Structures are given as structure tokens and as C-alpha cells.
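J.:
Residue numbers (this note's numbering): 1219 to 1589.
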């Protein structure tokens, strides 16, 4: 995305937003006009961070801008967050809230909106890894009203490159150590005996096994159990294989799932039980992949109907998946609910900076959090 100017309904004032750590872009606002920078990239090298700093310097010089606030992610270890904290008036915005506000502001939607923010990872307000969130956004701010049932990620960040680890975490959450006996599943066959013994110790002790609600990792888990990908060479490879498989069939069935009545925790266990059964019974993989996508779309409608939402924003990296987005839009529309999705701003972390500025403009609580 080249630098682009977008206009927001609520005026944020003169603000700098420094974006996320991965797929970084930055943004500045002057009045109601927000300029989103080009893609800078992952801030993991000295060269990338230098480019990040230069873009900010250029923006501030170009607009003769002295920001009244520097908006950043909530994650304390992000280099972009640390940059903001070295300047005065840093304002942290939770990662998925920024996704939500990005979609809402881009669509100039009337509040309240139920935002479905699904991605790989994001630092939650409780210090855990979020990624399967239902956020209710209103005039007085946002709140987390539901999420996917959390599960452990053995090895932590290693799970991002090894979908088999996400799958093992899902299976462990379902049946504990009995998951290691499911030798007919491709996931278990992808590990050596030694690897499984080490992972068993990790899962039992919960050492380096953070809990997550991430839908991105659930995509990885499904791809692993189906035998599509066990390790990957680039981000999103397993989810892409799952989407590609789903696109090869017109079958429209879906799996059962549960949503708790009190706190809207979506229990994916019935879904993964069905996936494992279908794999063992030799059901075509494209049917399973399509059912997984169709089920997630129905989950969105189910939660929206439970909370009485009239508008639903689809945001986060998972909605780069065209099959998932189209199914969700179709299901919401058929249910009489207005779907909102991204057209100009990236749904992934490339849109976080725009969402941070939109959050500053629209969430009245943030105006008192500077400093």
C-alpha cells in the first residue's frame, strides 16, 4: 500500500500512530485527514527500524506536525511501542481494538458495532495472547464480550512456523495426554517419539506453553490435522492451503459448535472432533476445509444474533481469506445483519496504525491516557 489519505468522521486532531511490530506502517492525522504510510515491514532488523524512524521524520516534516499524542500498541516488547514511550504523550491501544476501529472508521459505520477481530496473535489486556475476539464498540469505547476458547501453544512462537504445534495444543486441550495416542492423525506422525516426549513435558508443566484464543492458530491446527501442512516456510502458508482446498468444492455443510450463554466463549472442540473423525474416515479434504470455513462464518452470525448486533465488522489478518470473508458476509446478510469489511485499509497489521488513530478519535477514554 502506497501512502494514502483517508478521512474519518470523528476528528482525532494532530496525532502520530506508530502501528504494530509486524507488517508495520505508520500514520499521521491532521484534522480529520489521516495519511497511512507505505508498507514498512517487520521491525526485526536495524535497517527496518531505521526505515520506520525515517518515515516518521518525513511525515512530521512534511505536515509540520507536532503530535498531541503518539498512539501505539499495548504490547510492551514491540519496538514501535518502545519508540512511542520514549516520546511524550504515548497512548496505548489494544491490538484487536485497533483492528476493530480501522474497519469501523473505514466504513464510516454508525455505532454500536460488533467487531470480529481474528488474527494470529495480539497482546490482550489480561496479558495473554488474543486472536479470536468479539468486541462490542460503542460511543463510550469498546469491551471484549466473547472469544474463542483458549488453548496452549507448545513452544510459544515456534508454533507460528510449525502448525503441528498448534494442532497438538488443540488436541491436548481436548483430551490431555490421550492426544499423544491419536497415531492415525497426520499431526502425530509429524513428530518423532523424542519430540513428543519433550512436548508432553512442556504441556504438562505449561512451561513455554502460552494460552491463546487465536483463530489464526486454529486455522493452522486444522491444516495440520488434515495433513495439509505441518511446517511452513512463510507466514499464512497453512491457512492458504486450507482456503485453497475449500475453494475446490461447492459443498456447503458445516460442523456443530457451542457458544456459552453467559460470556460468549466459542467452544471449537466439537468442530475439531468432527475434523479428526472425517480425516480418519477418509472424507475428501476439500469438504473438510469448506466445512471448517462455513462453521466459522456461522459462529460469527450466532454470536451476533445472541448480542442483538445490527452491524458486524470483519477485521484482522484472518479476513485476508477471501473464502472466509465471502461466507461471513453472505451469512450475515442472510440473517439481516449489516456486514462491514475492509476495502482500502489492510485487514492485517498493515492497517493497525490507521486503527490506532481511529481509536484515539472515537474512544473517549483514550483522551485521558496520555503521558
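Just so it is clear, CB atoms sit at the ideal spot from N, CA and C, and this is done for glycine as well. In this text, all values refer to a predicted model and were calculated from it rather than measured experimentally.
(1) Spell out the partners DSSP gives residue 1242 in its beta bridges.
(2) Among 1583, 1582, 1577, which residue has its Cα nearest to the Cα of residue 1590?
(3) Taking the beta carbon of residue 1223 as the centre, do at least 16 other beta carbons fall within 10 Å, making it buried, or is it exposed?
(4) Report the rounded CA-to-CA distance for residue 1238 versus residue 1296, giving the unit in angstroms.
(5) Determine the direct distance from the alpha carbon of residue 1252 to that of residue 1232, and round the result to whole angstroms.
(6) Quick one: any contact between the stretch 1571-1586 and the stretch 1277-1295, if contact means 3 or more CB pairs under 8 Å?
(7) For residue 1266 and residue 1260, which I take to be in contact (beta-carbon distance under 8 Å), what is that distance rounded to the nearest angstrom?
(8) Quick test of your reading: residue 1355 and residue 1301, contact by CB under 8 Å. State the CB separation rounded to the nearest angstrom.
(9) Around the Cβ of residue 1328, are there at least 16 other Cβ atoms within 10 angstroms (buried) or fewer (exposed)?
(10) State the start and end residues of the unbroken beta strand (DSSP E) segment that holds residue 1556.
(11) Answer with buried or exposed for residue 1563, where buried requires no fewer than 16 other C-beta atoms within 10 angstroms of its C-beta.
(12) Cβ of residue 1488 within 8 Å of Cβ of residue 1476?
(13) Per DSSP, which residues does residue 1481 bridge with? Please list them.
(14) With DSSP as the reference, identify every bridge partner of residue 1291, one or two as the case may be.
(15) Measuring straight from C-alpha to C-alpha, what distance separates residue 1383 and residue 1225?
(16) Since I believe residue 1466 is in contact with residue 1504 (beta carbons under 8 Å), could you give me their beta-carbon distance rounded to a whole number of angstroms?
(17) So residue 1533 and residue 1317 are in contact, right, with Cβ under 8 Å, and what is the actual spacing, rounded?
(18) Would you mind reading off the limits of the alpha helix (DSSP H) that contains residue 1405?
(19) Closer than 6 Å by C-beta to residue 1546: which residues in its own chain qualify, once you throw out the five before and the five after it? Chain order, please.
(20) Going straight from the alpha carbon of residue 1264 to that of residue 1242, what length do you get?
(21) Is the beta carbon of residue 1230 sitting closer than 8 Å to the one on residue 1527?
T.: Answer, in terms of the structure:
(1) Here the question's residue 1242 lines up with position 24 in the chain shown. DSSP output for residue 1242 lists 1259 as bridge partner(s).
(2) Residue 1590 falls outside the range modelled here, since the chain spans only 1219 to 1589, and no answer is possible.
(3) Numbered from its first residue, the chain shown carries residue 1223 at position 5. Looking at its Cβ environment, which holds fewer than 16 other Cβ atoms inside 10 Å, residue 1223 is exposed.
(4) On the chain shown, residue 1238 is found 20 positions in, with the first residue counted as 1. On the chain shown, residue 1296 is found 78 positions in, with the first residue counted as 1. Approximately 7 Å, taken between the alpha carbons.
(5) Counting from one through the chain shown, the residue named residue 1232 turns up at place 14. Counting from one through the chain shown, the residue named residue 1252 turns up at place 34. Spanning the two alpha carbons is a distance of roughly 9 Å.
(6) Output reads yes: the stretch 1277-1295 touches the stretch 1571-1586.
(7) For the purposes of this step, residue 1266 is taken as the residue at position 48 of the chain shown. For the purposes of this step, residue 1260 is taken as the residue at position 42 of the chain shown. Rounded, the Cβ-Cβ distance is 6 Å, consistent with contact.
(8) Taking the chain shown and counting its residues from 1, the one referred to as residue 1355 is at position 137. Taking the chain shown and counting its residues from 1, the one referred to as residue 1301 is at position 83. With 8 Å as the limit, residue 1355 and residue 1301 do not qualify as a contact, their Cβ atoms being about 27 Å apart.
(9) Residue numbering aside, residue 1328 sits at position 110 when the chain shown is read from its first letter. Residue environment: residue 1328 is assigned as exposed (fewer than 16 neighbouring CB atoms within 10 Å of its CB, all protein chains considered).
(10) By 1-based counting over the chain shown, the position of residue 1556 is 338. Per DSSP, residue 1556 belongs to the beta strand (DSSP E) from 1556-1558.
(11) Position 345 of the chain shown holds residue 1563. Residue 1563 should be labelled buried.
(12) Within the chain shown, numbered from 1, the residue matching residue 1488 stands at position 270. Within the chain shown, numbered from 1, the residue matching residue 1476 stands at position 258. It is a contact, given that the beta carbons lie within the stated cut-off.
(13) Residue mapping note: residue 1481 aligns to position 263 of the chain shown, counting from 1. DSSP output for residue 1481 lists no bridge partner at all.
(14) Counting from one through the chain shown, the residue named residue 1291 turns up at place 73. For residue 1291, which the question treats as bridged, DSSP gives the partners 1311.
(15) Walking along the chain shown from the start, residue 1383 turns up at place 165. Walking along the chain shown from the start, residue 1225 turns up at place 7. Distance between the alpha carbons of residue 1383 and residue 1225: 42 Å.
(16) As a working note, residue 1504 is residue 286 in the chain shown. As a working note, residue 1466 is residue 248 in the chain shown. The pair is a contact, with the Cβ atoms about 4 Å apart (cut-off 8 Å).
(17) Your numbering for residue 1533 matches position 315 in the chain shown. Your numbering for residue 1317 matches position 99 in the chain shown. With a Cβ gap of about 4 Å, residue 1533 and residue 1317 count as contacting.
(18) Residue numbering aside, residue 1405 sits at position 187 when the chain shown is read from its first letter. Its alpha helix (DSSP H) spans residues 1404-1407.
(19) Locating residue 1546 in the chain shown gives position 328, counting from the first residue. Taken in chain order, the residues that qualify are 1515, 1518, 1532.
(20) For the purposes of this step, residue 1264 is identified with residue 46 of the chain shown, where counting begins at 1. For the purposes of this step, residue 1242 is identified with residue 24 of the chain shown, where counting begins at 1. The straight-line gap from Cα to Cα measures roughly 14 Å.
(21) Stepping through the chain shown from its first residue, residue 1230 is reached at position 12. Stepping through the chain shown from its first residue, residue 1527 is reached at position 309. The answer is no: Cβ separation not under 8 Å.
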